[in-house]
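Trainee:
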Amino acid sequence: MAPTEAEQHPRKALALAAHDASGRVTPIRISRRDTGDDDVAIQVLYCGICHSDLHTVRNEWRTAIYPVVPGHEIAGLVTEVGKNVHKFNVGDRVGVGCMANTCQSCESCEAGLENYCSKIVFTYNSHDRDGTVTCGGYSDMVVVNQRFVIRFPDGMPLDKGAPLLCAGITVYTPMKYHGLNEPGKRVGVIGLGGLGHVAVKFAKAFGMRVTVISTSPEKREEAVEKLGADDFVVSSDAGQMKAAKGTMHGIINTASASMSMYPYLALLKPQGKMILLGLPEKPLQISAFSLVAGGKTLSGSCMGSIKDTQEMMDFAAKHELTADVEVIGADDVNDALERLAKGDVRYRFVIDIGNTLVTT
Ligand SMILES: NC(=O)C1=CN([C@@H]2O[C@H](COP(=O)(O)OP(=O)(O)OC[C@H]3O[C@@H](n4cnc5c(N)ncnc54)[C@H](OP(=O)(O)O)[C@@H]3O)[C@@H](O)[C@H]2O)C=CC1
Ligand SMILES: O=C/C=C/c1ccc(O)c(O)c1
Ligand SMILES: [Zn+2]
Ligand SMILES: [Zn+2]
Numbered sequence: 001m002a003p004t005e006a007e008q009h010p011r012k013a014l015a016l017a018a019h020d021a022s023g024r025v026t027p028i029r030i031s032r033r034d035t036g037d038d039d040v041a042i043q044v045l046y047c048g049i050c051h052s053d054l055h056t057v058r059n060e061w062r063t064a065i066y067p068v069v070p071g072h073e074i075a076g077l078v079t080e081v082g083k084n085v086h087k088f089n090v091g092d093r094v095g096v097g098c099m100a101n102t103c104q105s106c107e108s109c110e111a112g113l114e115n116y117c118s119k120i121v122f123t124y125n126s127h128d129r130d131g132t133v134t135c136g137g138y139s140d141m142v143v144v145n146q147r148f149v150i151r152f153p154d155g156m157p158l159d160k161g162a163p164l165l166c167a168g169i170t171v172y173t174p175m176k177y178h179g180l181n182e183p184g185k186r187v188g189v190i191g192l193g194g195l196g197h198v199a200v201k202f203a204k205a206f207g208m209r210v211t212v213i214s215t216s217p218e219k220r221e222e223a224v225e226k227l228g229a230d231d232f233v234v235s236s237d238a239g240q241m242k243a244a245k246g247t248m249h250g251i252i253n254t255a256s257a258s259m260s261m262y263p264y265l266a267l268l269k270p271q272g273k274m275i276l277l278g279l280p281e282k283p284l285q286i287s288a289f290s291l292v293a294g295g296k297t298l299s300g301s302c303m304g305s306i307k308d309t310q311e312m313m314d315f316a317a318k319h320e321l322t323a324d325v326e327v328i329g330a331d332d333v334n335d336a337l338e339r340l341a342k343g344d345v346r347y348r349f350v351i352d353i354g355n356t357l358v359t360t
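The end of the sequence shown is residue 360 by UniProt numbering, with every number in the run present.
#1: Just to check my reading of the structure: VAL171 and LEU195 have Cβ atoms closer than 8 Å, yes? What is that Cβ distance to the nearest angstrom?
#2: Which whole-angstrom value is the C-beta distance of LYS245 and MET208, which I expect to be below 8 Å?
#3: Would you list, in sequence order, the uninterrupted alpha helix (DSSP H) runs of no fewer than 4 residues that lie entirely inside the stretch 258-316?
#4: State yes or no: is the C-beta of ALA203 within less than 9 Å of the C-beta of ALA323?
#5: Check whether the stretch 62-72 and the stretch 12-26 are in contact - that is, three or more C-beta pairs closer than 8 Å.
#6: Mapping DSSP to helix, strand and coil, what is GLN240?
#7: Examine ligand 1 and report whether any of its heavy atoms sits within less than 8 Å of the Cβ of ARG348.
#8: Regarding SER52 and ligand 2, is the C-beta to nearest heavy atom distance less than 8 Å?
#9: According to DSSP, ALA17 sits in a beta bridge with which residue or residues?
#10: If you measure between the beta carbons of THR254 and GLY97, is that distance less than 9 Å?
#11: Between LEU14 and LEU357, how many whole angstroms is the CB-CB distance? I'm expecting something under 8 Å.
#12: In terms of residue numbering, what span does the alpha helix (DSSP H) encompassing GLY168 cover?
#13: Can the beta-carbon of ARG11 be found less than 9 Å from the beta-carbon of VAL143?
#14: If PRO163 and GLY343 are in contact, beta carbons under 8 Å, what's the gap, nearest whole angstrom?
#15: For GLN271, which residues in the same chain have their Cβ closer than 8 Å to its Cβ, ignoring the five residues on either side in sequence?
#16: With H, G and I counted as helix, E and B as strand and the rest as coil, what does DSSP make of LEU192?
#17: Under the DSSP definition of a beta bridge, which residues are partnered with LEU77?
#18: At 4 residues or longer, what runs of the alpha helix (DSSP H) sit wholly inside the stretch 216-240?
#19: According to DSSP, simplified to helix, strand and coil, what is GLU182?
#20: With DSSP as the reference, label HIS51 as helix, strand or coil.
#21: Determine whether the beta carbon atoms of THR123 and GLY112 lie at a separation below 9 Å.
#22: Under the assumption that PRO188 contacts ILE286 (Cβ atoms under 8 Å), give the Cβ distance between them as a whole number of angstroms.
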């Protein structure tokens, strides 16, 4: 049988891959390219499980190229650098997020907004420049172009820091560019999951007043006492939603499932903004009146640039901000994916790749 695309590179690696829309992962051998002149080879120690991994392995976006090796919250150690790499040395603590490459020459790339490059190569489930399909961080090693490698600040733990490489930058970026980082302003966060809980932490670090809007009443106590949210609104409670009407300058919407936007847009002040981050399988329901009356803005935001990712990591380290994680072994990933689908995680699963992804 001819080798699959992922088997065409010279260097062998171990990985967890999904093979069909059941989304269940099993160990497989994959291959990685040799370390090119501009590449950094990384021993993966930890990798977060993002809901996008779940959408992808279950083929909810109809984009899966099986076998899919997910993972774009990658933390580890540099094992080799190419001859043009001067920024990183063997042994450095580094990370990789959602992007493995871009064209590096288009208007977006030149402007330092690589996350909007039309030729973006995602860290997994994406066609690389050489035509092979990229494999993510549910794997013992990765080889990545130096421009897409992030330095872990001193003191930031690799396990709790890994989720910042997707969840962190995805919430930090719209806060920065939509003025939702101004002390005293009121921001809402829809969905207290991987993205949502770090959104609360960044908003508090910016000095904002934060209201969590959640489908899960049982998350209230932790949201307020542990994460520092100022208010907690249960979205199915009409009384609580009415009381919160018109109170928020902006809302960061991280919901992973489709919803009617009407009750949520009503929470914004006049000219308030809702930024969509969640990527549900099914379309959202929205009435024009929800935006037009009140002059409100509905926007979207996708990941973040490499420059902003490094800035976000340094800001997080300064504020001792990391994700709340449940560290699991490679054998527990299928259970974790099932639990993530049910919202049963506080608040990010992180796979201990270094100690548990081993040949049996
Ligand atoms: N734009 C981008 O660049 C990125 C987008 N994403 C996307 O963001 C979404 C969230 O990712 P992540 O945080 O990892 O996922 P999680 O599963 O960790 O969190 C999602 C949260 O959404 C809330 N939720 C679930 N269903 C509903 C519903 N029907 N109505 C309202 N809220 C709901 C739940 O919070 P609660 O219990 O509080 O209601 C849940 O915890 C995913 O769709 C993911 O693909 C992820 C990364 C980057
Ligand atoms: O978890 C991050 C994923 C972001 C993402 C954004 C857009 C898109 O088409 C994807 O496949 C992934
Ligand atoms: Zn992600
Ligand atoms: Zn580009």
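We put the CB at the ideal spot given by N, CA and C, even for glycine.
Mentor: Reading from the atomic positions:
#1: On the sequence shown, position 171 is the one that residue 171 refers to. On the sequence shown, position 195 is the one that residue 195 refers to. VAL171 to LEU195, Cβ: 5 Å. Contact.
#2: In the sequence shown, counting from the first residue as 1, residue 245 sits at position 245. In the sequence shown, counting from the first residue as 1, residue 208 sits at position 208. About 19 Å separates the two Cβ atoms, so there is no contact after all.
#3: 262-265 and 288-292
#4: Taking the sequence shown and counting its residues from 1, one reaches residue 203 at position 203. Taking the sequence shown and counting its residues from 1, one reaches residue 323 at position 323. Cβ distance not < 9 Å, so ALA203 and ALA323 don't count as in contact.
#5: yes
#6: Here residue 240 corresponds to residue number 240 of the sequence shown, with the count starting at 1. Helix, per DSSP.
#7: Here the question's residue 348 lines up with position 348 in the sequence shown. Within the cutoff, so yes.
#8: Counting from 1 along the sequence shown, the entry for residue 52 is found at position 52. Flag set: Cβ of SER52 near ligand 2.
#9: Within the sequence shown, the letter at position 17 stands for residue 17. Answer is THR26.
#10: Mapped onto the sequence shown, residue 254 falls at position 254. Mapped onto the sequence shown, residue 97 falls at position 97. Not in contact: THR254 and GLY97 (Cβ atoms no closer than 9 Å).
#11: Along the sequence shown, read from residue 1 onward, the residue named residue 14 stands at position 14. Along the sequence shown, read from residue 1 onward, the residue named residue 357 stands at position 357. About 6 Å; that satisfies the 8 Å criterion.
#12: Stepping through the sequence shown from its first residue, residue 168 is reached at position 168. Run containing GLY168: 167-177, per the alpha helix (DSSP H) assignment.
#13: Residue numbering aside, residue 11 sits at position 11 when the sequence shown is read from its first letter. Residue numbering aside, residue 143 sits at position 143 when the sequence shown is read from its first letter. Contact: yes.
#14: Start at 1 with the first residue of the sequence shown, and residue 163 comes out as number 163. Start at 1 with the first residue of the sequence shown, and residue 343 comes out as number 343. Not a contact, Cβ separation roughly 16 Å.
#15: The residue labelled residue 271 in the question sits at position 271 within the sequence shown. The residues are GLY294, GLY295, LYS296 and THR297.
#16: The residue you call residue 192 lines up with position 192 of the sequence shown. Note: LEU192 maps to coil in three-state DSSP.
#17: Counting from 1 along the sequence shown, the entry for residue 77 is found at position 77. GLN43 and ARG93, per the DSSP bridge assignment.
#18: 220-225
#19: Position 182 of the sequence shown holds residue 182. The answer is coil: DSSP assigns GLU182 none of H, G, I, E or B.
#20: Start at 1 with the first residue of the sequence shown, and residue 51 comes out as number 51. Three-state result, HIS51: helix.
#21: As a working note, residue 123 is residue 123 in the sequence shown. As a working note, residue 112 is residue 112 in the sequence shown. No; because the gap between Cβ atoms is not below 9 Å, this pair is not in contact.
#22: Against the sequence shown, residue 188 aligns to sequence position 188. Against the sequence shown, residue 286 aligns to sequence position 286. The identity of residue 188 in the sequence shown is Gly, whereas the question assumes Pro. Actually they are not in contact, since the Cβ atoms of GLY188 and ILE286 sit about 17 Å apart, beyond 8 Å.
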